[in-house]
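What follows is a single structure, written as structure tokens, with notes after it.
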Amino acid sequence: MTFLQRLLSALYPQTPTQETPMPTPIKLAIVYYSTYGTNHAMAEAAAEAARQAGAEVRVVKVRETAPQDVVNSQDAWKAQQERTAHVQEATPDDLEWADAILLSSPTRFGGAASQIRAYIDTLGGLWGTGKLANKTFSAMTSAQNPNGGQETTLQTLYVTAMHWGAILVPPGYTDPVIFASGGNPYGASVTADGGHLKDTDIASIQHQARRLVEVTQQLKR
Ligand SMILES: Cc1cc2nc3c(=O)[nH]c(=O)nc-3n(C[C@H](O)[C@H](O)[C@H](O)COP(=O)(O)O)c2cc1C
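Take the sequence shown: its position 96, counting from 1, is numbered 110 in our numbering, and each next residue is one higher.
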């Protein structure tokens, strides 16, 4: 240890030296599906908070499974597809890479979108070799109606993660922002408004993302 390092560590015991390197950032995969933009905006809001909390973040979209002529038949759907043409499509490798997983799906008839389920169905190889075990997991959703099935959507995603042996990190009531955004302890749930997020939604999404990063950091120590 050089004189300067000795001096610094005497003055500031927490200062990283060659002997105490900075911890490796945790890796967070944010996997979303979004027809109209809400879950895409949620994923971006979560990514911003997670990066600020020190995580290395990948935001990836799951593959569209609807036929292209069906997508083209709705201007808003087609526009969202074009807006996000640059976003990488999720592969199983993204989850193998990650320490922490955040899934974001629209509510469809009280469950996750079929596009998200189709992606989950490609994960058998990872699950079968135990590669999804012990990763942390959290989920977010949106629905048209405040009581349109957000809670069941989140619960079914958590049930899937339980099959993997993942470690569930729901927000619970760990911050007042949860109450202000509707009080869903299972995960951020937005009442969809054409992709626009309210400040209260962003606050709860970002709290959930920070908490996922912090819990994962503690587990990796
Ligand atoms: C096939 C279909 C089923 C849906 N089912 C529900 C539902 O059960 N409850 C509800 O409140 N909204 C429902 N919606 C509305 C979506 O949840 C809403 O469009 C979505 O949350 C918007 O997210 P996005 O902008 O990321 O696509 C449904 C929409 C579609 C197209």
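We put the CB at the ideal spot given by N, CA and C, even for glycine.
{"query": "Unbroken beta strand (DSSP E) run spanning Arg-122, endpoints", "result": "114 to 122"}
{"query": "Straight-line Cα distance separating Tyr-187 from Gly-197", "result": "8 Å"}
{"query": "Assigned exposure category for Ala-223 - 16 Cβ within 10 Å defines buried", "result": "buried"}
{"query": "Given 8 Å, three or more beta-carbon pairs between the segment 163 to 176 and the segment 207 to 221", "result": "no"}
{"query": "Among Ala-43, Tyr-47 and Lys-145, nearest to Ala-157 - alpha-carbon criterion", "result": "Tyr-47"}
{"query": "Ala-153 - containing alpha helix (DSSP H), residue span", "result": "Element bounds for Ala-153: not the alpha helix (DSSP H) but the beta strand (DSSP E), 150 to 157."}
{"query": "Closer than 8 Å: Tyr-50 CB and nearest ligand 1 heavy atom", "result": "yes"}
{"query": "Buried or exposed (CB count within 10 angstroms, at least 16 for buried), Pro-120", "result": "buried"}
{"query": "Option in Leu-146, Glu-228 and Tyr-200 with minimal Cα separation from Gln-66", "result": "Glu-228"}
{"query": "DSSP three-state assignment for Ile-40, whether helix, strand or coil", "result": "coil"}
{"query": "Sequence ranges, alpha helix (DSSP H) only - wholly within the segment 169 to 233, length at least 4", "result": "190 to 194"}
{"query": "Distance cut-off 8 Å: Asn-198 Cβ against heavy atoms of ligand 1", "result": "no"}
{"query": "Opening and closing residue of the alpha helix (DSSP H) in which Arg-65 lies", "result": "52 to 66"}
{"query": "Reduced DSSP category for Ala-132 - H, G, I as helix; E, B as strand; rest coil", "result": "helix"}
{"query": "Per DSSP, the bridge partner or partners of Arg-97", "result": "Beta-bridge pairing links Arg-97 to no other residue."}
{"query": "Cβ of Val-45 within 9 Å of any chain C Cβ", "result": "The question asks about chain C, but that chain is absent: this structure has only one protein chain."}
{"query": "Coarse secondary structure for Glu-78, derived from DSSP in three states", "result": "coil"}
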